[in-house]
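Data block below; observations after.
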């Protein structure tokens, strides 16, 4: 990530409280994402956040966090492997720029 992105994340971190994995998962469950999927997303996306910034369910994968689409595709492959499922279609087509919660729901729906 660029210096500009790091500064943007630092500014965002000043505006919101960091979440723990437990808090993130609880918020995701309120949005109909299963706990195991929420935990997977936390661990998959946390490396893209500079401390003290942490993932929030409403963070947009591309627009807010500027995550490379190839990296997101790699996360989908890891999801298939970790959950022993095959994704039907592309779960990332749920929206042009899904939130983490929308992505969790799409992964659940696409799992066969």
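Numbering (the working numbering), first residue to last: 25 to 136.
Backbone N, C-alpha and C fix where the C-beta goes; we use that ideal spot for every residue, glycine too.
Since this is a predicted model, take the numbers as computed values, not measurements.
8 Å Cβ cutoff met for residue i and residue j
i	j	result
residue 78	residue 107	no
residue 57	residue 129	yes
residue 82	residue 125	yes
residue 73	residue 91	no
residue 52	residue 62	yes
Selected residue, minimal CA-CA separation from residue i, among the options
i	options	result
residue 109	72, 75, 131	131
residue 121	98, 103, 89, 102	89
residue 95	26, 69, 76, 82	69
residue 30	54, 76, 50	76
residue 46	34, 135, 65, 33	65
residue 123	28, 80, 32	80
residue 104	93, 87, 127, 135	135
Residue range of the unbroken alpha helix (DSSP H) whose run includes residue i
i	result
residue 126	124-134
residue 75	Unbroken run through residue 75: none, as it is neither H nor E.
residue 99	93-107
residue 39	27-39
Between the CA atoms of residue j and residue i - distance to the nearest angstrom
i	j	result
residue 98	residue 111	13 Å
residue 67	residue 100	13 Å
residue 28	residue 54	33 Å
residue 34	residue 133	34 Å
residue 32	residue 127	23 Å
residue 26	residue 40	21 Å
residue 43	residue 87	20 Å
residue 93	residue 50	26 Å
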